[in-house]
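Below: the structure, in structure tokens.
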Amino acid sequence: METSSDAPVIIVREQTRVTSGPEVQQKIIHACRALASILRGTLGPRGLDKGLYKSNGEFAITSDGARIINDLLIKNPGAKLLVSLGKSQESVIGDGVTTTVLFAGALLDEAGRLLRTGVHPLVIVDGYQAALSHALTRLDELEITVTGDDRDMLTQVACTALSGRVAAAESEMFSTMIVDALDTVTQQQGDSTRCEAEDVLFAKSEEGALSDSRLIRGVVWKKRIPLARMAGERTDVRIAVLHADLKPADLRRDAEIEFSEVSAYEEFIAVQEQAREQLAECLLASGADLFCCSGEVDRSVLHKLATADALVIADLDEQQLRQVAQASGANVVEHITDLGKDDLGRAASVNAESRQETDEVQDRIIIDGCEGPLVTCSIAGTASVEEVIRGLYDALRATSLTIREGAALTGAGSAHMAASLSVIEAAEAVGDRTRLGIEAYSRALEVIPWTLASNAGADALDALLELRASQRKAGPATGIRADGTVGDVSDVLEPAQSIIHSLAAATETACCLLRCDQVISARGD
110 METSSDAPVI
120 IVREQTRVTS
130 GPEVQQKIIH
140 ACRALASILR
150 GTLGPRGLDK
160 GLYKSNGEFA
170 ITSDGARIIN
180 DLLIKNPGAK
190 LLVSLGKSQE
200 SVIGDGVTTT
210 VLFAGALLDE
220 AGRLLRTGVH
230 PLVIVDGYQA
240 ALSHALTRLD
250 ELEITVTGDD
260 RDMLTQVACT
270 ALSGRVAAAE
280 SEMFSTMIVD
290 ALDTVTQQQG
300 DSTRCEAEDV
310 LFAKSEEGAL
320 SDSRLIRGVV
330 WKKRIPLARM
340 AGERTDVRIA
350 VLHADLKPAD
360 LRRDAEIEFS
370 EVSAYEEFIA
380 VQEQAREQLA
390 ECLLASGADL
400 FCCSGEVDRS
410 VLHKLATADA
420 LVIADLDEQQ
430 LRQVAQASGA
440 NVVEHITDLG
450 KDDLGRAASV
460 NAESRQETDE
470 VQDRIIIDGC
480 EGPLVTCSIA
490 GTASVEEVIR
500 GLYDALRATS
510 LTIREGAALT
520 GAGSAHMAAS
530 LSVIEAAEAV
540 GDRTRLGIEA
550 YSRALEVIPW
560 TLASNAGADA
570 LDALLELRAS
580 QRKAGPATGI
590 RADGTVGDVS
600 DVLEPAQSII
610 HSLAAATETA
620 CCLLRCDQVI
630 SARGD
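As numbered in this note's numbering, the sequence shown has no gaps in its residue numbers, which increase by one up to the final residue, 634.
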């Protein structure tokens, strides 16, 4: 039997759509440009916010790039890769998501222009990778050494991270709070320094104005106070942390007890009450004034502890137990009989604030004045508290990264312009088509100062030209100020690793998308 060599062979489902050739790259570039344009207006201290209205009816106003891209329902595969890029920046660094996505979008935009003139994608990729190497070398030369004792520089890093956020209204207070918090939780562990943002907790006060926020050297809990007479403030408190119930041990098996005489029942009750008294005496013998436990508390034991002016906070999870132990220096005890004076932690004060009883828990327990490496930022105010905390956490991570890495770079577009000038100078020595990719990379780096000037209301082209000239004349510490003018920005500092990771990750993502010449959609869209 003869067969035709031209007969079609179907290897995918009928609804599968295959897109090939230059059309693929152009579609990806257009989608990434559209995503970058959404974030462009939020960059910098003069950036505006976005209103996010979700399908479940929730509405939020934010300028945080990480939250915006996380809440968008992205369909295009290229744009999804940019979302992954932003999430990577947020996960590793904690700040700089908007800058990273904008730079990746600019790289793809510049690549689109070259593709339309017939330049091969891999030539552009080679140029981008060569340019990245020159840019990183220049940034290494510009790094500013920062130590944990440089409070002024760390405050500037925190202030820079807060710019453009809701918390920027009290940036001086919050930046000082962040530095104080990190100074408390920073520990020297062998040859390395532990400075983690996870050791700084946040609590919503929901009272007063934003300026009433304060740093608490301990923990804040929303927990119901078991007895009204336990409320109030105590000073010089010794804290016991128990991963156990504060009640006599329950029977492990079901049993029925029959009493033939009333006296036998009374004796049984007396034995039970004696066990409770012994348990309360054992707890009080440790010298603790505050008992934090994970389980239930027997009412009789609770009243005996209250009579001794002790405070009991029950039903805490393991994380809360670890936090109060870390803050106060207490040991987490598994068995009540093992509790001793050496297991207790200390706090300068414990304030049990009793509120009017409602369906929600309104009582607050404030454990303050601890000496351990854990603190809590109590954020006051009634509007946009969640957004304030989000901005503070990003600033906290940026500042802690600076302490760990010990290096910073000037921001406000100055580092990007310095890298751009270095890359364009390196391009002069290249004599093949790779130079086109290197020059395109240099232009893409300028999108950050361009956007900062535009968002500040200045003429972006004039500001960019002036910045180029100023950097060649006055040095790399020249950038775009908050009012859109060009000048000294040595007080605007960012973690060096944030900018380095941003450039490297954005370049890798752009090169990955440029290598794609075919998109196969099993859904047919």
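We put the beta carbon where it would ideally sit given N, CA and C, even for glycine.
Arg343 beta carbon less than 8 Å from that of Ser458
yes
Gly396 and Leu453 closer than 8 Å at C-beta:
yes
Could you pull the DSSP bridge partners for Thr302 from this structure?
Gln297
Can you tell which of Thr616, Glu495 and Ile512 has the C-alpha that lies nearest to the C-alpha of Gly214?
Thr616
Buried or exposed: where does His229 fall if 16 or more other Cβ atoms within 10 Å of its Cβ makes it buried?
exposed
Where Cys391 falls, given that 16 or more other Cβ within 10 Å makes a residue buried:
exposed
Here's the rule I'm using: 16 or more other beta-carbon atoms within 10 Å means buried, otherwise exposed. How should Ala565 be labelled?
buried
When burial is assigned at 16 or more other CB atoms within 10 Å of the CB, is Asp258 buried or exposed?
exposed
Given 8 Å, three or more beta-carbon pairs between the stretch 482-497 and the stretch 273-288:
yes
Nearest-angstrom Cα distance between Gln435 and Leu263?
25 Å
If we count the other Cβ atoms within 10 Å of its Cβ and call it buried at 16 or more, is Thr256 buried or exposed?
exposed
Terminal residues of the alpha helix (DSSP H) in which Asp426 lies
Looking at the DSSP string, Asp426 is not in any alpha helix (DSSP H), and its letter there is neither H nor E.
Does the separation of the CB atoms of Cys401 and Leu448 fall below 8 Å?
no
When the Cα of Ala700 is compared with those of Pro154, Leu505, Arg347 and Pro357, which residue comes out closest?
Outside the displayed span of the chain (110 to 634) sits residue 700, for which this structure offers no information.
Span separating the alpha-carbon of Leu623 from that of Leu194:
15 Å
Simplified DSSP state of Met110, which is helix, strand or coil
Note that Met110 scores 42 on pLDDT, short of 50, meaning its location in the model is unreliable and no value can be drawn from it.
Compare the Cα-Cα distances from Tyr502 to each of Lys163, Gly153 and Arg176 and report the closest residue.
Arg176
With a threshold of 8 Å between beta-carbons, can Gln198 be considered close to chain B, or not?
Of the chains in the structure shown, none is chain B; there is only one protein chain.
Check whether the Cβ atoms of Val598 and Thr508 sit closer than 8 Å, and answer yes or no.
no
Excluding the five sequence neighbours on either side, which residues of its own chain have a C-beta within less than 6 Å of the C-beta of Arg635, listed in chain order?
Beyond the ends of the chain as shown, which are 110 and 634, falls residue 635; an answer cannot be given.
Gln135: buried (16+ other C-beta within 10 angstroms of its C-beta) or exposed?
exposed
On the CB-based measure, 16 or more other CB atoms within 10 Å of its CB, does Glu443 come out buried or exposed?
exposed
Sufficient close CB pairs (3 or more, under 8 Å) joining the stretch 283-295 to the stretch 310-330
yes
Does DSSP classify Val350 as helix, strand or coil?
strand
Based on Cα-Cα distance, which residue from Pro186, Ser200, Lys450 and Arg347 lies nearest to Leu420?
Arg347
Is it a yes or a no for the stretch 602-622 touching the stretch 531-541, going by three-plus beta-carbon pairs under 8 Å?
no
Residues near Ser284 by beta carbon distance below 6 Å, same chain, minus five either side
Thr264, Ala267 and Cys268
Is Ala521 closer than 8 Å to Gly588 when the C-beta atoms are compared?
yes
On the three-state DSSP scale, how would you describe Cys625?
coil
Let me check one thing: in DSSP terms, what residues is Val484 bridge-paired to?
Val309
What residues in its chain sit with their C-beta under 6 Å from that of Ile512, if we drop five residues either side in the sequence?
Gly257 and Cys304
Quick test of your reading: Ile253 and Ser607, contact by CB under 8 Å. State the CB separation rounded to the nearest angstrom.
Going by Cβ atoms, the distance from Ile253 to Ser607 rounds to 13 Å, so no, they are not a contact pair.
Using beta-carbon positions only, say whether Ile547 and Ala220 come within less than 8 Å of one another.
no
Beta-bridge pairing of Gly253 - partner residues as DSSP gives them:
Gly is not the amino acid found at residue 253; the sequence shown has Ile there. Looking at the DSSP assignment, Ile253 forms a beta bridge with Ala517.
Assign Gln580 to buried or exposed, taking buried as 16 or more other Cβ atoms, counted over all protein chains shown, within 10 Å of its Cβ.
buried
Would you identify the three-state DSSP class for Val598, choosing helix, strand or coil?
coil
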